Ligand code: SAH
């Protein structure tokens, strides 16, 4: 395998027009200002925020505390339609639900809601497509269409929260507890929109959804300067780093951005994140048969993580059985190799949990989201 050099574009690509401005793009203070600009009293923006983030009501007809005359103006000014579901698939007895969304300009993204016994997690997209070109990932094959707006990112979560609250998901009414930025796209490449979305997710209602920051995970290929910047934002979300290889030679192929930021620099930035936030970092490692699943690579991974006197307590490794993507040469590791990989890490004191592959039969598992429609 030869590493492909990919240009790192840290500025968003120019799209055809911008997504409509939505309440979720703005802080509560900005919403009050925007209401005044529309000639409406500021407290109306607050009422709308309560509907959107707290009561999870989206139908203007149910917003009976708003005067009928202003309702339409408020709704068109603050709650424009951001996306329409064009395909909904479910699996795992209705506890996994994948939605394909069409955005205002026709761009397609997917999100996946997964309900477990003790929590419900939504996996969301941050970009339509992705520019990181990881060869084993379905989304990586199609290139980047565009970044999503803050509201487009947040709305996927709000819709999932509503689906849980209303009992649409098998298992009866419940609460959405977790968000992972592990759908389509590289969240730290869409940095401003991602951080805006994270703020909206953790800000208390009615400013935002009021989720616990610990329950929000931002997953990245390792854009080193952006990891450091995120650490300095002061929002203690969980960081997941998609490492997939402990050595530059292999990682240059599997995660092409590695030709820009080496394994050592990337792990260093992840450790900085831990130091600044106190949050244990998750290392994602998709196990690919005879590519990155050798026992010696597990040992090397443990050594790389604990090098520089970092120790082992700052990190948690999530080996993921590879989800096989149609037409790809990468295949899933043998069971015994996956087990040995985990054992080797544990022997060196590194916490490791093999991740599950929920939703794989509807192409809803990690790395399978590609909006093939
Ligand atoms: N751009 C972000 C989010 C991507 S998806 C990132 O790279 O972290 C979330 C995780 O799924 C990443 O760790 C990604 O490497 C992993 N992934 C991609 N393709 C996969 C596949 N085919 N099987 C298993 N995991 C995969």
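In this note's numbering, the protein residues as written are 14 to 386. C-beta atoms are modelled at their ideal positions from N, C-alpha and C, and glycine is treated no differently. Note that this is a predicted model, so its numbers are computed, not measured.
Practice task
May I ask you to report which of helix, strand or coil DSSP gives residue 194?
Solution key: For this step, residue 194 is matched to residue 181 along the chain shown. When DSSP states are grouped into helix, strand and coil, residue 194 belongs to the strand group.
Exercise for the section: Mind checking which residues open and close the alpha helix (DSSP H) that includes residue 168? Expected result: Position 155 of the chain shown, counted from the start, is the residue given in the question as residue 168. It spans 163-178 - the alpha helix (DSSP H) in which residue 168 sits, taken as one unbroken run.
Handout entry: Contact test: residue 305 Cβ vs the ligand SAH heavy atom, cutoff 6 Å
Key = Along the chain shown, read from residue 1 onward, the residue named residue 305 stands at position 292. False, no ligand heavy atom lies under 6 Å from that Cβ.
Practice task
Give the secondary structure of residue 18 by DSSP, where H, G and I count as helix, E and B as strand, and everything else as coil.
Solution key: Working through the chain shown from its first residue, we reach residue 18 at position 5. Its pLDDT being 44, under 50, residue 18 is placed unreliably in this model, and the coordinates cannot settle the point.
Problem - Classification of residue 77 by the beta-carbon crowding that lies within 10 angstroms, buried from 16 upward - result: As a first step, residue 77 must be located in the chain shown, where it is residue number 64. In this structure residue 77 is exposed. Its beta-carbon is surrounded by fewer than 16 other beta-carbon atoms within 10 angstroms.
Exercise for the section: Verify the contact flag: residue 380, CB atom, against every heavy atom of the ligand SAH, threshold strictly below 6 Å. Expected result: Here residue 380 corresponds to residue number 367 of the chain shown, with the count starting at 1. Under cutoff, so the answer is yes.
Handout entry: Cβ-Cβ separation, residue 239 to residue 284 (assumed contact under 8 Å), whole Å
Key = On the chain shown, residue 284 is found 271 positions in, with the first residue counted as 1. On the chain shown, residue 239 is found 226 positions in, with the first residue counted as 1. So it is not a contact: roughly 15 Å between Cβ atoms.
Practice task
Name the residue from 254, 121, 192 and 143 whose alpha carbon lies nearest to the alpha carbon of residue 389.
Solution key: The requested residue 389 does not occur in the structure, where the chain is confined to residues 14 to 386.
Problem - Beta-carbon contacts of residue 327 that lie in its chain and below 7 Å, excluding the five residues immediately before and after - result: As a first step, residue 327 must be located in the chain shown, where it is residue number 314. Cβ within range, chain order: 284, 287, 293 and 294.
Problem - Neighbourhood of residue 163 by C-beta distance below 6 Å, restricted to the same chain and skipping five residues each side - result: As a first step, residue 163 is located in the chain shown; it is residue number 150 there, counting from the start. Contacts found: 38, 206, 209 and 210.
Handout entry: Cβ-heavy atom distance, residue 270 to the ligand NAP, below 6 Å
Key = In the structure on display, the ligand NAP does not appear, and the ligands it does have are the ligand SAH.
Problem - Other residues of its chain near residue 84: CB distance less than 8 Å, five sequence neighbours each side excluded - result: Your numbering for residue 84 matches position 71 in the chain shown. Within the same chain, residue 84 has close Cβ partners 73 and 76.
Handout entry: the ligand SAH heavy atom lying under 6 Å from the CB of residue 126
Key = The residue labelled residue 126 in the question sits at position 113 within the chain shown. Result no, Cβ not under 6 Å from the ligand SAH.
Exercise for the section: Mind listing, in chain order, the continuous alpha helix (DSSP H) runs of no fewer than 4 residues lying wholly within the region 266-347? Expected result: The region 266-347 is shown to contain whole alpha helix (DSSP H) runs of 4 or more residues at 276-290 and 308-319, in chain order.
Problem - Local conformation of residue 25 per DSSP, three classes - result: By one-based count along the chain shown, residue 25 stands at place 12. Low per-residue confidence applies at residue 25: pLDDT is 45, beneath 50, and the placement is therefore not dependable enough to give any value.
Practice task
Rounded to whole angstroms, what's the CA-CA distance from residue 199 to residue 64? Just pull it up for me.
Solution key: Here the question's residue 199 lines up with position 186 in the chain shown. Here the question's residue 64 lines up with position 51 in the chain shown. Straight-line Cα distance between these residues: approximately 30 Å.
Handout entry: Contacts around residue 375, its chain only, beta-carbon distance under 6 Å, and the 5 residues preceding and following it disregarded
Key = Position 362 of the chain shown, counting from 1, holds the residue named residue 375. If the five residues before and after residue 375 are omitted, its C-beta is found closer than 6 Å to the C-beta atoms of 102, 104 and 111, all from its own chain and listed in chain order.
Handout entry: Neighbourhood of residue 127 by C-beta distance below 6 Å, restricted to the same chain and skipping five residues each side
Key = Reading the chain shown from its first residue, position 114 is the one you call residue 127. Counting only Cβ-Cβ distances below 6 Å, and skipping sequence neighbours, we find 109, 134 and 371.
Handout entry: Alpha-carbon to alpha-carbon, residue 256 and residue 310
Key = Residue mapping note: residue 310 aligns to position 297 of the chain shown, counting from 1. Residue mapping note: residue 256 aligns to position 243 of the chain shown, counting from 1. The straight-line gap from Cα to Cα measures roughly 12 Å.
Exercise for the section: May I ask you to check if the CB of residue 109 is nearer than 6 Å to at least one heavy atom of the ligand SAH? Expected result: Walking along the chain shown from the start, residue 109 turns up at place 96. Because no heavy atom of the ligand SAH lies under 6 Å away, the Cβ of residue 109 does not count as near it: no.
Problem - Through-space distance from residue 196 to residue 174, alpha-carbon basis - result: The residue labelled residue 174 in the question sits at position 161 within the chain shown. The residue labelled residue 196 in the question sits at position 183 within the chain shown. If I take the Cα positions, the gap works out to 17 Å.
Problem - For residue 381, the three-state DSSP class (helix, strand or coil) - result: Here residue 381 is taken as the residue at index 368 of the chain shown, counted from 1. Under the three-state reduction of DSSP, residue 381 is assigned to coil, being neither helix nor strand.
Practice task
Find out if the Cβ-Cβ distance for the pair residue 87, residue 44 is shorter than 7 Å.
Solution key: Residue mapping note: residue 87 aligns to position 74 of the chain shown, counting from 1. Residue mapping note: residue 44 aligns to position 31 of the chain shown, counting from 1. For residue 87 and residue 44, no; Cβs fall outside 7 Å.
Handout entry: Coil, strand or helix - residue 375 by DSSP
Key = Taking the first residue of the chain shown as position 1, residue 375 is located at position 362. Residue 375 falls in the helix class under three-state DSSP.
Practice task
Kindly indicate the opening and closing residues of the alpha helix (DSSP H) around residue 99.
Solution key: Translated into positions along the chain shown, residue 99 becomes position 86. Unbroken run through residue 99 is the beta strand (DSSP E), 96-104; no alpha helix (DSSP H).
Problem - Unbroken beta strand (DSSP E) run spanning residue 124, endpoints - result: Reading the chain shown from its first residue, position 111 is the one you call residue 124. Taken as a continuous stretch (DSSP letters only), the beta strand (DSSP E) holding residue 124 covers 121-128.
Problem - Pairwise C-alpha distance: residue 40 and residue 82 - result: Here residue 82 refers to the residue found at position 69 of the chain shown. Here residue 40 refers to the residue found at position 27 of the chain shown. If you take the alpha carbons of residue 82 and residue 40, they lie about 25 Å apart.
Problem - Option in 116, 114 and 53 with minimal Cα separation from residue 90 - result: Taking the chain shown and counting its residues from 1, the one referred to as residue 90 is at position 77. Residue 90 has its Cα closest to that of 53, out of 116, 114 and 53.
Problem - beta-carbon residue 336 near the ligand SAH non-hydrogen atom, thresh 6 Å - result: Position 323 of the chain shown, counted from the start, is the residue given in the question as residue 336. Correct: residue 336 has its Cβ closer than 6 Å to the ligand SAH.
Exercise for the section: On the DSSP bridge assignment, give the partners of residue 143 in chain order. Expected result: Walking along the chain shown from the start, residue 143 turns up at place 130. In the DSSP output, where bridge partners are listed per residue, residue 143 has none listed.
Practice task
Confirm the yes/no value for this check: CB of residue 234, any heavy atom of the ligand SAH, distance under 6 Å.
Solution key: On the chain shown, position 221 is the one that residue 234 refers to. Yes.
Practice task
Go ahead and pull the three-state DSSP assignment for residue 203.
Solution key: Along the chain shown, one-based indexing puts residue 203 at 190. The answer is coil: DSSP assigns residue 203 none of H, G, I, E or B.
Problem - Own chain partners of residue 228 with C-beta closer than 6 Å, once the 5 adjacent residues on each side are dropped - result: Looking up residue 228 in the chain shown gives position 215. Excluding positions up to five away in sequence, the list reads 190 and 191.
Problem - Backbone secondary structure at residue 159 - three-state DSSP - result: Locating residue 159 in the chain shown gives position 146, where the first residue counts as 1. Note: residue 159 maps to strand in three-state DSSP.
Exercise for the section: Please find out if some non-hydrogen atom of the ligand SAH comes closer than 6 Å to the beta-carbon of residue 374. Expected result: Within the chain shown, residue 374 is the residue found at index 361, counting from 1. Because no heavy atom of the ligand SAH lies under 6 Å away, the Cβ of residue 374 does not count as near it: no.
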